[in-house]
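*Asks:* Per UniProt numbering, the sequence shown starts with residue 1, numbered consecutively. Every residue gets a Cβ at the ideal spot worked out from N, C-alpha and C, and that includes glycine.
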Amino acid sequence: MKLFTKEFKKIVVDNHPFLCVIDQSSENEHISFKIYPSNTKTSYFWIFFSWKINWETNLCQPMVCAKLIHYAISSGWDYKSERAVLKLQDGDILVDRLGLDEVIR
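(1) According to DSSP, is M1 part of a helix, a strand, or is it coil?
(2) Tell whether a beta-carbon distance below 7 Å holds between K9 and C65.
(3) Can you tell me which residues form a DSSP beta bridge with H16?
(4) Can you tell which of N28, G76, W77, G99 has the C-alpha that lies nearest to the C-alpha of M63?
(5) What did DSSP end up calling V64 once you bin it into helix, strand or coil?
(6) Going by Cα to Cα distance, which pick from S81, V85, T57 is closest to L94?
(7) Can you grab the Cα-Cα spacing for the pair H70 / K6, in whole Å?
(8) Using DSSP's beta-bridge definition, name the partner residues of I35.
(9) Taking buried to mean at least 16 other C-beta atoms within 10 Å of its own C-beta, is Q89 buried or exposed?
(10) Have a look at Y44 and S81 and give me their C-alpha separation to the nearest angstrom.
(11) According to DSSP, simplified to helix, strand and coil, what is L59?
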């Protein structure tokens, strides 16, 4: 049985380091996926996933993190700016759109 907790993943995308914080604490209503650029903690892209997503994809895999970072940037998130915050309430739509469920576990 998987222990649901917070996981921290450092990843480099297009030569820029990022930190992904995946909060899968069981007391939460949703899975929280937050992307921070390494140069600031005031800018972030926040995605909420339903618990059903855990059966379809592994949000902690580096390839999944990279795809979500690319999506955030293409959606207009300016990670180089201070206090650039974007939120996506229904991250479940990204599973099919980005092929997150096709990434091998």
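*Replies:* Checking against the coordinates, here is how it stands:
(1) Model confidence at M1 stands at a pLDDT of 39, short of 50, so the residue's coordinates are unreliable; what they give is reported in the following sentence. Here M1 sits in coil by DSSP.
(2) Against a cut-off of 7 Å, the Cβ pair of C65 and K9 comes out as a contact.
(3) According to DSSP, which records beta bridges pairwise, H16 is partnered with V13.
(4) When N28, G76, W77, G99 are compared, the shortest CA-CA separation from M63 is found for G99.
(5) DSSP places V64 in the helix class (H, G or I) of the three-state scheme.
(6) Closest by alpha carbon: T57.
(7) Spanning the two alpha carbons is a distance of roughly 22 Å.
(8) I35 pairs with C20, F45.
(9) Looking at its Cβ environment, which holds fewer than 16 other Cβ atoms inside 10 Å, Q89 is exposed.
(10) Going from the Cα of Y44 to the Cα of S81 covers about 10 Å.
(11) Here L59 sits in coil by DSSP.
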